[in-house]
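Structure record follows, encoded as structure tokens.
Residue numbers (my numbering): 5 to 330.
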């Protein structure tokens, strides 16, 4: 089934249920076992490999994971291969920062105890997956990855990974962005934050001009140990570079206008991504698959409920919606 929802006893139980969902939808599980007090899950589909490390009350992890103590959540890094002799964060082809040393990944911070709601999604091809979790109150975390990106035009690459935070910034406390929203509540694909340790919450494998065979990310950091060789830009409020929609999203809050005040109708807005070119300008490369920016905070839609727009059905969360496969 391309969609599943339920509850989990804790982070480890969530990892087990996500593993079962991936297996049922055509992904191959290369490894699933206990590591530390959490879980290690490594999967593959169509030549794209993803390594995940599920943290259950742990004292941080090695790079690209966060520091700190009593950490709960999940880290993910895409890769180009799997070896049983390698650790989750040393597989071949994982993303590196511009310095070609620092490992990069994405993460979804969680809380101790039971998980009151999770939502798992795949697209119709099952090449792309999303895990959305009710973290606390009306705050939802998310983790997504896939083989294919929704491309504009033709370019080499397409694998991607997206999280609520960058892996290294998963335990940091963030302030508020241009829309008055905590960064914890921003939609998928937002443009990171302006701290050198924050890294990128979105990574896309794409060849751009002379930069080939690498993952690029969205990040405000100018540090070569955090930014990628070229930046990606997101239209979502956050740290934006170069995109034509930057002022539209941040200054006049286009995102906040995603719901009709006349009939409470939902207007899903594609999350478009652009890539930095050699001349410093940006070219649109596509949009984040299957997810849309919305605003239902005052629209009367219960979080996690289904809304139909035309022939499409979406599961809605405070600032984003995921389209269910038919």
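Virtual Cβ for every residue (Gly too), placed ideally from N, Cα, C.
Values in this document were obtained by computation on a predicted structure and should not be read as measured data.
Query: Selected residue, minimal CA-CA separation from residue 61, among 99, 116 and 238; Result: 116
Query: Through-space distance from residue 282 to residue 7, alpha-carbon basis; Result: 41 Å
Query: Residue 19 - containing alpha helix (DSSP H), residue span; Result: 15-28
Query: Span separating the alpha-carbon of residue 153 from that of residue 313; Result: 23 Å
Query: Buried/exposed call for residue 205, threshold 16 Cβ in 10 Å; Result: buried
Query: Euclidean distance between Cα positions of residue 52 and residue 10; Result: 27 Å
Query: C-beta atoms of residue 171 and residue 111 nearer than 7 Å; Result: yes
Query: Cβ-based burial, residue 83 [other Cβ within 10 Å; buried from 16]; Result: buried
Query: Separation of residue 134 from residue 149, as counted between CA atoms; Result: 7 Å
Query: Residue 293 beta carbon less than 7 Å from that of residue 169; Result: no
Query: Residue 317 versus residue 89 - alpha carbon distance; Result: 43 Å
Query: For residue 235: DSSP bridge partner residues; Result: 221
Query: Backbone CA spacing between residue 251 and residue 219 [nearest angstrom]; Result: For residue 251, the pLDDT reaches just 38, beneath the cut-off of 50, and the residue's location in the model is therefore unreliable, although a value from the coordinates is still provided. Distance between the alpha carbons of residue 251 and residue 219 is about 26 Å.
Query: Sub-7 Å separation of residue 113 and residue 323 beta-carbons; Result: no
Query: Closest residue to residue 156 among 288, 297, 327 and 298 (Cα-Cα distance); Result: 288
Query: Own chain partners of residue 15 with C-beta closer than 6 Å, once the 5 adjacent residues on each side are dropped; Result: 58, 60, 76 and 114
Query: Collapsed DSSP secondary structure at residue 144 in the structure displayed; Result: strand
Query: Simplified DSSP assignment, three categories, for residue 12; Result: strand
Query: Secondary structure of residue 307, DSSP reduced to three states; Result: coil
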